[in-house]
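K.L.:
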Amino acid sequence: MNFKNVLQTIFLTILLMGCGFKPLNQQTNLIISQIDLKGEKKINYHLKNKLYKFSNTEKGKKISINIETETKKTIKEKNISNEIIKYEMYMAAKVTFKLIESSQEKAFSVNTRGDFNVSNQYSTTLNNEKNLSNSLINDLSNKIIKNLISKVNDL
Numbered sequence: 000m001n002f003k004n005v006l007q008t009i010f011l012t013i014l015l016m017g018c019g020f021k022p023l024n025q026q027t028n029l030i031i032s033q034i035d036l037k038g039e040k041k042i043n044y045h046l047k048n049k050l051y052k053f054s055n056t057e058k059g060k061k062i063s064i065n066i067e068t069e070t071k072k073t074i075k076e077k078n079i080s081n082e083i084i085k086y087e088m089y090m091a092a093k094v095t096f097k098l099i100e101s102s103q104e105k106a107f108s109v110n111t112r113g114d115f116n117v118s119n120q121y122s123t124t125l126n127n128e129k130n131l132s133n134s135l136i137n138d139l140s141n142k143i144i145k146n147l148i149s150k151v152n153d154l
């Protein structure tokens, strides 16, 4: 039984490698010619850098991207003495992109959320907020890139 599973795995691997299969993350056939950003400056700066790193400069479909971002920080928990002990942060981006050659336009939105604890020291609370913010920005940019790849490949 074990030998049969190994043989099937080897056969499947050879079959997939021979058919030209590529994982979705490696197909970067997009040339980002323009990015227009509105909203939170910090988020926009990181998103723009990640999208330009992702962009292929040699071959692919040319696209123009518009992104609107927003961030909300709300109180998630309070203790008995009515002191805030946890905040929740929410980030959202509305993305519209346009294929330059065919003038086709599509839109999608992505969001992510997380929470951070309030510490006794204010500097620790700020570090918690900064770490969560950076983590949410990375998550948001990865979701945008994944959606861009799938939506452009569908067109």
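Going by numbering that gives the first Met the number 0, the first residue of the sequence shown is number 0, and it counts up by one from there. Note that CB positions come from ideal geometry on N, CA and C, so glycine has one too.
Quick one: grab the DSSP three-state call for Q33.
P.N.:
strand
K.L.:
Taking the straight line between their C-alpha atoms, what separation do you get for K150 and Q120?
P.N.:
Between the alpha carbons of K150 and Q120 lies a distance of about 45 Å.
K.L.:
What number of angstroms, rounded off, separates the C-alpha of K58 from the C-alpha of N152?
P.N.:
14 Å
K.L.:
Using CA atoms only, rank isn't needed, just tell me which of I62, N127, S80 is closest to S101.
P.N.:
I62
K.L.:
Three or more C-beta pairs under 8 Å: does that hold for the segment 86-100 against the segment 66-76?
P.N.:
yes
K.L.:
Which one of N133, E82, K47, F53 has the shortest CA to CA distance from K145?
P.N.:
F53
K.L.:
I'd like the list of long-range same chain contacts for Q25, defined as Cβ closer than 8 Å, with 5 residues on each side in sequence excluded.
P.N.:
The predicted position of Q25 is uncertain, since its pLDDT is 49 and thus under 50; no value can be drawn from it.
K.L.:
Starting from the Cα of L147, find the closest Cα among K60, N130, L125, N133 and give me that residue.
P.N.:
For the options K60, N130, L125, N133, the alpha carbon positioned closest to that of L147 is the one of K60.
K.L.:
If A106 and T95 are in contact, beta carbons under 8 Å, what's the gap, nearest whole angstrom?
P.N.:
A106 to T95, Cβ: 4 Å. Contact.
K.L.:
May I have the straight-line CA-CA distance separating H45 from K3, to the nearest angstrom?
P.N.:
49 Å
K.L.:
Ends of the alpha helix (DSSP H) at N116?
P.N.:
Run containing N116: none in the alpha helix (DSSP H); it sits in the beta strand (DSSP E), 104-116.
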